[in-house]
Amino acid sequence: MSKPTNPLILVVEDEPAQLEMICYNLQTEGFALERAADGEEALLLALERKPDLVILDWMLPKGSGIEVCRQLKTQKDTRHIPIIMLTARSAEADRVRGLDTGADDYVVKPYSVNELVARARAVLRRSRPASVGEVLTYDDLIVDTERHKVTRGGKKLKLGPTEYRLLCTFMERPGRVWSREQLLDRAWGRDADVDLRTVDVHVGRLRKALLKNGQQDPIRTIRGSGYALDNEAD
Ligand code: CA
C-alpha cells in the first residue's frame, strides 16, 4: 500500500499490457498511481487528482499524447505538472525535442522499465526541490514550492516550467555560480539532448520575468562560467 504522501503518478497508455507493466513497477517503487487509457480520461484525471507526474504515451485514442500534453501545459491548475512522453519512434522523439510541447522528458520505446522509473525519479526530484512545501526566499523573491507560486516584492510572477526549475535551482544556493551544464542537468535532466545555448535562452526568459516590475536584475552572468543568483553583483 502506498502512503498518501507518496508522489502520485498518472500513467496514460492505451495498451493494457504496457500499462500494467509500468504500473506494477512504479507501485513496487512506492509510487501512488492513477491510470488512464485514452486522452480524454487522462485530462479528466489530471485535473481531478493533480498528480505529481504524468507518464504519457504519444499515440492514444481520443486525443493524442501531444494534444494532452499541450492542454495540461496551458491550463493554470495543471501546467506545473511534469510530463514524461513515451514515444514509439525516434522521429517522434525528434518532434518532442523540437516542438515546444512542454514535455519535461521523453523515453523512446522500446525502453527498459528501470530506465523509465529512473527518469520518473529524476523528474520528480527536479520538480520537488529540497522538500515539498518548502518556501524558498531570496531578497524580495519568494517561491512557494508546494503551490508553485513565485512572487517578487509581493507581486505574482508567471514563469514557464523550465524557468521555474531554473529559479528553484538558483534559490537553493544563492550566490553559487552554476555552469550551463549544471543548470541543464538540473532543469532538463542529465540525459536531455539540449544545446547549451538553450540554457542561455531560458535564463534570459527567467531574467525578463523577474525584471517585469522594473526591479534590479538578481541574476549575474559570469562570462565563460555560467550564472548565479546574486544581488550584490551590480
Ligand atoms: Ca499507444
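When you line the sequence shown up against the numbering used here, it's residues -4 to 229, in that order.
The beta-carbon is built from N, C-alpha and C at its ideal position, and this holds for glycine as well.
All values derive from a computational prediction rather than experimental measurement.
For the alpha helix (DSSP H) that contains residue i, what are its first and last residues?
{"i": "T82", "result": "No alpha helix (DSSP H) contains T82, which is instead part of the beta strand (DSSP E) from I78 to T82."}
{"i": "T69", "result": "G60 to T69"}
{"i": "Y19", "result": "P11 to T23"}
{"i": "N109", "result": "V108 to S122"}
{"i": "L231", "result": "Outside the modelled stretch of the chain, which goes from -4 to 229, sits residue 231, for which no answer is possible."}
{"i": "I36", "result": "At residue 36 the sequence reads Glu, which differs from the Ile that was named. Element bounds for E36: G34 to R44."}
For residue i, report the span of its beta strand (DSSP E) as first-last.
{"i": "D100", "result": "D100 to V103"}
{"i": "R232", "result": "Not covered by the structure: residue 232. The range shown for the chain is -4 to 229."}
{"i": "A187", "result": "First-last for A187: undefined, no H or E at that position."}
{"i": "V172", "result": "No beta strand (DSSP E) holds V172; DSSP gives it neither H nor E."}
{"i": "E29", "result": "A27 to A31"}
{"i": "L152", "result": "K150 to L152"}
Could you please give me the residues that DSSP links to residue i through a beta bridge?
{"i": "I214", "result": "L224"}
{"i": "L5", "result": "E29 and V49"}
{"i": "Y133", "result": "L136"}
Let me know if residue i comes out buried or exposed under the rule of 16 or more other beta-carbons within 10 Å of its beta-carbon.
{"i": "Y17", "result": "Rather than Tyr, the amino acid found at residue 17 in this sequence is Ile. I17 is buried by the Cβ-count criterion."}
{"i": "L224", "result": "buried"}
{"i": "A41", "result": "buried"}
{"i": "Q211", "result": "exposed"}
{"i": "R44", "result": "exposed"}
{"i": "E141", "result": "exposed"}
{"i": "K151", "result": "exposed"}
{"i": "A37", "result": "buried"}
{"i": "Y19", "result": "exposed"}
{"i": "E110", "result": "exposed"}
{"i": "S126", "result": "The pLDDT assigned to S126 is 48, lower than 50, so where the model puts this residue is not dependable, and the model offers no usable value."}
{"i": "E176", "result": "exposed"}
{"i": "D100", "result": "buried"}
{"i": "P(-1)", "result": "Because the pLDDT at P(-1) is just 32, under 50, the model does not fix this residue reliably, and the point stays unresolved."}
Please check the pair residue i and residue j, which I expect to be a contact at CB under 8 Å, by giving their CB distance rounded to whole angstroms.
{"i": "V112", "j": "E24", "result": "6 Å"}
{"i": "L201", "j": "E158", "result": "4 Å"}
{"i": "D135", "j": "R121", "result": "That pair is no contact at about 25 Å."}
{"i": "L179", "j": "V172", "result": "The Cβ separation is near 15 Å, so there is no contact."}
{"i": "A187", "j": "L161", "result": "Actually they do not touch by this definition, with Cβ atoms about 13 Å apart."}
{"i": "V264", "j": "Y222", "result": "Here the chain covers residues -4 to 229 and nothing more, so residue 264 does not appear."}
Three CB pairs or more closer than 8 Å across the stretch 97 to 107 and the stretch 24 to 32: no
Touch test, the stretch 42 to 59 against the stretch 6 to 26, Cβ-Cβ under 8 Å, three pairs minimum: yes
Segment contact flag, the stretch 69 to 86 with the stretch 164 to 171, C-beta cutoff 8 Å, min 3 pairs: no
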